[in-house]
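So the sequence shown is numbered by numbering that gives the first Met the number 0: it starts at 0 and just counts up by one. Virtual Cβ for every residue (Gly too), placed ideally from N, Cα, C. Bear in mind that the values here come from a model prediction, so they are computed numbers and not experimental data. Since the structure comes first, as structure tokens, the remarks are kept for the end.
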Amino acid sequence: MKTLFWRSLVVIFVILGFIGAILPGMPTTVFLILAAWAASKGWPQMDEWLLNHPKYGPTLRAWRENGTVPRKAKWIASIMMLISGMIMLFTSAPFAVKVFTDVTMLLVAVWLWLRPEPPQLSINMNCEKTEKDK
0 MKTLFWRSLV
10 VIFVILGFIG
20 AILPGMPTTV
30 FLILAAWAAS
40 KGWPQMDEWL
50 LNHPKYGPTL
60 RAWRENGTVP
70 RKAKWIASIM
80 MLISGMIMLF
90 TSAPFAVKVF
100 TDVTMLLVAV
110 WLWLRPEPPQ
120 LSINMNCEKT
130 EKDK
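Okay, structure coming up:
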């Protein structure tokens, strides 16, 4: 029963991640991180597949190993949250809902920017040692 629960979560999160890859404004990587987490609890083959995925695998592995988020992902997520927050202000939602969602997105953005970034690989075209390597 536990395995069925974890596998169901994996399927839900992968579907949401797939939708996020197609629809602008909906995240992909967040749902795939959740899918990898759930897969690690009850679906080792899917966990392995997610971690070795050519496009999303490196980001998922970096998150699992160090909790890092690439700068590009931070920018994209922040811009999408800003746009969503601005759109929310023009909806007919109650004022309290507008404030709650905008404050929540602001807190998520702050948390996101406080996450470390993966180390950048320095490539020297002349194959010389850089100052850092000396």
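Original post:
Going by alpha carbons, who is nearest to ALA76 out of LEU59, PRO43, HIS52, TRP110?
Top reply: TRP110
Original post:
Which residues in the same chain have their Cβ closer than 7 Å to the Cβ of LYS40, if we skip the five residues on either side of it in sequence?
Top reply: TRP5
Original post:
Using the rule of at least 16 other Cβ atoms within 10 Å of the residue's Cβ for burial, across every protein chain shown, is ALA95 buried or exposed?
Top reply: ALA95 comes out exposed.
**OP:** Figure out for me which residue from LEU31, MET80, ALA38, TRP42 has the closest Cα to the Cα of GLY56.
**Re:** It is LEU31 whose Cα lies nearest to the Cα of GLY56.
**OP:** Take the Cβ of TRP74 as the centre, count every other Cβ of all protein chains shown within 10 Å, and call the residue buried at 16 or more, exposed below.
**Re:** exposed
Subject >> Test item: CB-CB of ALA37 and LEU15 under 9 Å >> reply: No, the Cβ-Cβ distance between ALA37 and LEU15 is not below 9 Å.
Original post:
Using CA coordinates, which residue listed in TRP42, ALA20, LEU88 is at the minimum distance from LYS1?
Top reply: TRP42
Original post:
So the alpha helix (DSSP H) GLY16 belongs to, where does it begin and stop?
Top reply: 1-21
**OP:** Inspect the CB distances between the segment 99-115 and the segment 76-86 and report whether three or more fall short of 8 Å.
**Re:** yes
Subject >> Alpha-carbon spacing of ARG60 relative to PRO118, whole angstroms >> reply: 13 Å
Subject >> Reduced DSSP category for VAL29 - H, G, I as helix; E, B as strand; rest coil >> reply: helix
Original post:
Do PHE17 and THR27 have their C-beta atoms closer together than 9 Å?
Top reply: yes
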